[in-house]
Amino acid sequence: STIIRMEDISRHYEMGEELVRALDGIDLCFEKGEYSAIMGPSGSGKSTLMNIMGCLDTPSRGRYELNGQNVEEMDDDELARVRNREIGFVFQTFNLLPRMNCLQNVELPLIYAGIDTRHRKERAIAALERVGLADRMHHKPTELSGGQIQRVAIARALINTPSIILADEPTGNLDTATSNDIMQIFEELWKAGNTIILITHEEDIAQCTRRTIRLRDGRVESDIKRST
Ligand code: ADP
Ligand code: ADP
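First residue of the sequence shown? That's 101 in this note's numbering, and the numbers climb one at a time after it.
Next comes the structure, spelled out in structure tokens:
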């Protein structure tokens, strides 16, 4: 089934007299279980596209359906709910709360979702187990390596069993060996049925996925699927 359907999506910014066309007529669909990379030079619209897919921003024009729901008809509260329930975000800079331990960081989306304490803890531990970090649950982010922190961030992204995982340069701050570990986790998550879209400017990272979409000047320049 189709998770993301974008039809003629544009996002323009007015900068004084000038109109910046960050996205200019994007038609893209993502099916459940796809594993995709979005590439393109700096300024080509990757972040803008990610923000729209993640309901952090809304298009200036066009139609965006997430899991059959028409996003442009939603108010801010509905968007926040959809974001929390349907999207698991992973960022280059991790975005964990430094004063909270791993368990508390991973539990956060469940607090917003109104899940009770006991179930929160059970699910957070299960998510940390999936990324191989259950033995670090009482550590704070400052006590972990970059790769371990990113694994906590992935556990947090998974906790609400989102329809889609959106990762913006998830290996951007990691060395090669640690990047490979993180890509191994994404591969396992994909094989377990998750839908994953990541932004990257590294060919090696994009080659780990099964589909590469290249943006240029706010448009889709190419869109190539691979079987292996
Ligand atoms: P990428 O992630 O590929 O580097 P972006 O989506 O960040 O590209 O940006 C695409 C274009 O839109 C760039 O020209 C950028 O300067 C512009 N842009 C992005 N966000 C804003 C904004 N909030 N206000 C004005 N221009 C923006
Ligand atoms: P990335 O490294 O992911 O491409 P950028 O440095 O292009 O990120 O942009 C970081 C953030 O700043 C994005 O959320 C983008 O929307 C915003 N942004 C990019 N260009 C501009 C701009 N010209 N004016 C205002 N905000 C911008």
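Note that beta-carbon positions come from the ideal geometry of N, C-alpha and C, so glycine has one too.
Checking the DSSP bridge columns, you'll see V190 partnered with A267. Collapsing the DSSP output to three states places V120 in a strand. The alpha carbon of E114 has as its nearest neighbour, out of A122, D216 and E107, the alpha carbon of A122. Note that the region 208–224 touches the region 181–193; at least 3 beta-carbon pairs, one per stretch, sit closer than 8 Å. A check of alpha carbon separations from P198 across D108, H238, G293 and D304 identifies H238 as the nearest.
Put simply, the backbone Cα of L156 is about 9 Å away from that of T148.
A distance below 8 Å between beta-carbons, with the five flanking residues on each side excluded, links R220 to the following residues of its chain, in chain order: E207, L210 and I211. A direct Cα-Cα distance of roughly 8 Å separates V190 from Q250.
The C-beta distance from G162 to I109 rounds to 4 Å, short enough to meet the 8 Å contact threshold. For H112, the enclosing beta strand (DSSP E) covers residues T102 to M115. One thing to note: L203 has its Cβ within 8 Å of the Cβ of A224. Taking 7 Å as the cut-off, one finds at least one heavy atom of ligand 1 near enough to the beta carbon of M115. S142 has its alpha-carbon roughly 15 Å from the corresponding atom of I313. The shortest C-alpha to C-alpha distance from E107 to any of V171, I138 and V120 is the one to V171. Secondary structure in the region 170–234: the beta strand (DSSP E) runs of 3 residues or longer, each lying completely within the stretch, are 187–191 in chain order.
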